[in-house]
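The structure under discussion appears below in the form of structure tokens.
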Amino acid sequence: MKTYRLAELFAEQAELYPDSECLIDGAHRYTYQKVNADATAFAAALHDLGVAAGDRVAVDLPNHAEWIVTMLAAAKLGAVLVPLNPGLGPREFKYQLRHAEVKVAVTMEHQGDLDYVDLLDEMMSDLPDLQCLVLVGDEEYWYDDRVCQYEGLLKGGRDRTVDENPYDAETTPLALLYTSGTVGKPKGVVLTHRNLVQTALASVDPLSLTRSDRILVSVPLFTIFGTHAVIMGLLSGAALVLQGEFEPTEALELIDAEKVTICHGVPTMFELLMRDPTFGDRELSTVRTGIVAGSPVSPDLVSRIRQWNDVQIAYGLTETSPTVAITRDEDPPELRERTVGRPLEGVEVQVVDPKTGELHGIESAGELVVKGPNVMAGYHRMPLETEKSFTTDGFLRTGDVALVDELGYVTIVGRLSDIIIRGGYKVVPRELEDVLQTHPAVEEVCVVGVPNEILGELTCACIIPVEGAIITGDELRDFCRDLVADYKVPDLVRFFDKFPMTDSGKVIRKELTRVIGLELSVT
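Right, dumping it as structure tokens:
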């Protein structure tokens, strides 16, 4: 019977190809055998600290080798990895540690202005489940029984074995990932070994990943995209080139120096790479493909990326591990450019009426719902929220408006919560954004609805103009009149230097709506 236990599958790779490069982390290079040995040693150390099956182990690190070793060590014990954003402030850090009931947290000694030893002293009384902080770094601290050094634990666990927990991959959580939390508190998404491993294995095929690939991992590991990229790479025997934090010039240097073949990213990352002054000076011919996902990607951007990186477009959520659908090389060019492809094997999608749940016909817009081995086990400690997220027949409600054609290709139209109702007419922001994005003076665009007493909502186009461009709101409105119906022409146009963004690179539309609403209330 096929196993979906991550640690077991990784150990098989290490046994088959012990000397193959696994991780490149700055000046440090790790083989598959070395990473597996470190993971086994760290698992033994965590076991000595009292970590058992089902316990939560947080990792609050940039994209470094210790993050991946921690994930594999937790997997060996049947413990649950809780990836945290290294950019969290003290209040958010404390909230997620407490909500996840974390037993051991692995973090840097310092991150920015935060000293985690001092922080632990301040918040320990409010974290009854937290037994130990494991610090990654070279500084010499005086450690008590609540604070340990990563290297010391690794050394103490050498040449020891741990009885790997024969857990059920169908039901045993591998990770607890927090959503971006653009509205209210972030939710903890519980993903099992089968959720993450089967989705990763199914995603390997559209990319044709092999042992010869070298994957640039610049996407933050604490996001589901980053976690997914790592698991795909490890299970295909590829080498992972880690970038601690995305910076375009350094990323291009890594692609060139390490002969990277796979480059993933959200649309903004690709845009920044191509805008970087060194882009034309770097040798990028080794890059063959990757995934662009995380937010809507325009056909124009896809076309420009594919001039040097023949990316696949993917769609998914944290709650779907993450991939629901992905394009493939054999897809017709038009569909490969303007859709997010077809669902992964074993994943079923439907389009339903968001209010009644009734099934919509082919190419009729409605809420996309998903069922399959990629769908989460639920939200941690939130049974009512979990129940609300599923239809009566077990499909996960994505909250996304989509079309599915007769061949199964999925087109994402927008978010249910983003649809603008103007004078009784529905305006889909994505449609208007795609139109405005074709204007040569528009760098980025986000369309939002603003409350209005007469029409219900006004349509506002929020624009980041191309550097040096001279453009007015009236000119953009005139541009739209030639391309869309009158009721879709923006009522308002506002210009910005930058948009408010979530940690995972998505525009916080509600914040834009709030800013514009405040402006209108005082005029």
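Numbering (my numbering), first residue to last: 66 to 588.
Beta carbons are placed, not taken as given, at the ideal position from N, Cα and C, and that holds for glycine.
These numbers were taken from a predicted model, which means no experiment stands behind them.
- By the neighbour-count criterion, in which a residue is buried when 16 or more other Cβ atoms sit within 10 angstroms of its Cβ, Arg279 is buried.
- Distance check between Arg393 and each of Pro193, Cys527, Leu261 and Ala267 places Ala267 closest, using alpha-carbon atoms only.
- Counting only runs of 3 or more residues that sit fully inside the stretch 299-368, the beta strand (DSSP E) segments are 304-307, in chain order.
- For the pair Cys525 and Leu577, the CB atoms are nearer than the 9 Å cut-off.
- A straight line joining the alpha-carbon of Pro271 with that of Leu305 spans about 18 Å.
- The residues Thr105, Ala108, Ala109, His112, Lys141 and Leu142, in chain order, have a CB closer than 8 Å to that of Val227 in the same chain once the five nearest residues on each side in sequence are set aside.
- The stretch 236-243 makes no contact with the stretch 420-438; the number of CB pairs closer than 8 Å stays below 3.
- Taking the Cα positions, Val389 is about 43 Å away from Asp186.
- Counting along the chain, Gly152 sits inside no alpha helix (DSSP H), nor does DSSP assign it H or E at all.
- Contact annotation: Val417 and Thr456 have beta-carbon atoms nearer than 9 Å.
- In the displayed model, Gln263 falls within a helix according to three-state DSSP.
- Looking at the backbone, the Cα of Asn439 and that of Leu195 are separated by about 30 Å.
- By the C-beta density criterion, Glu80 is exposed, having fewer than 16 other C-beta atoms within 10 angstroms.
- Nearest neighbour of Lys252 by Cα position, chosen from Pro148, Asp90 and Asp210, turns out to be Pro148.
- Residue burial is scored here from C-beta neighbours: Ala165 has at least 16 other C-beta atoms within 10 angstroms and is therefore classed as buried.
- Per the DSSP secondary-structure output, Asn374 pairs with nothing in a beta bridge.
- Only exposed fits Phe560, as fewer than 16 other CB atoms lie within 10 angstroms of its CB.
- Counting along the chain, Glu216 sits inside the alpha helix (DSSP H) bounded by residues Tyr215 to Gly221.
- With a beta-carbon spacing of about 12 Å, Val295 and Leu281 fall beyond the 8 Å limit used to define contacts.
- His112 sits in a helix when the DSSP states are folded into three classes.
- Ranked by Cα distance from Tyr232, the first of Leu548, Gly119 and Arg495 is Gly119.
- When beta bridges are read from the DSSP output, Asn517 appears opposite Gly521.
- Secondary structure at Met447: coil, using DSSP grouped into helix, strand and coil.
- Taking all protein chains shown into account, Gln377 has 16 or more neighbouring C-beta atoms within 10 Å of its C-beta and is therefore buried.
- A Cβ-Cβ distance of about 7 Å is found for the pair Lys168 and Val122, placing them in contact under the 8 Å criterion.
- Here Leu583 is exposed. Its C-beta has fewer than 16 other C-beta atoms within 10 Å.
- Under DSSP, the beta-bridge partners assigned to Phe560 are Ile528.
- Per DSSP, Gly202 lies in no beta strand (DSSP E) and is assigned neither H nor E.
- Here Ala550 is exposed: its Cβ has fewer than 16 other Cβ atoms, across all protein chains shown, within 10 Å.
- Look at His504 here: in three-state DSSP terms it is coil, with no helix or strand label.
- A contact is defined here as three or more CB-CB pairs under 8 Å, and the stretch 496-505 fails this definition with respect to the stretch 465-473.
- Apart from sequence neighbours up to five positions away, the residues of its chain that approach Gly202 with a beta-carbon distance below 7 Å are Met173 and Glu174, ordered along the chain.
- Boundaries cannot be given for Leu195, as no alpha helix (DSSP H) includes it and DSSP labels it neither H nor E.
- Residues Gln308 of the same chain have their beta carbon placed closer than 8 Å to that of Glu315, with the five preceding and five following residues left out of the count.
- The DSSP assignment places 398-403 and 448-453 as complete runs of the alpha helix (DSSP H) inside the stretch 383-453, in order along the chain (cut-off: 4 residues).
- Looking only at Phe158, Ser190 and Arg163, the smallest Cα-Cα distance to Tyr181 is reached by Phe158.
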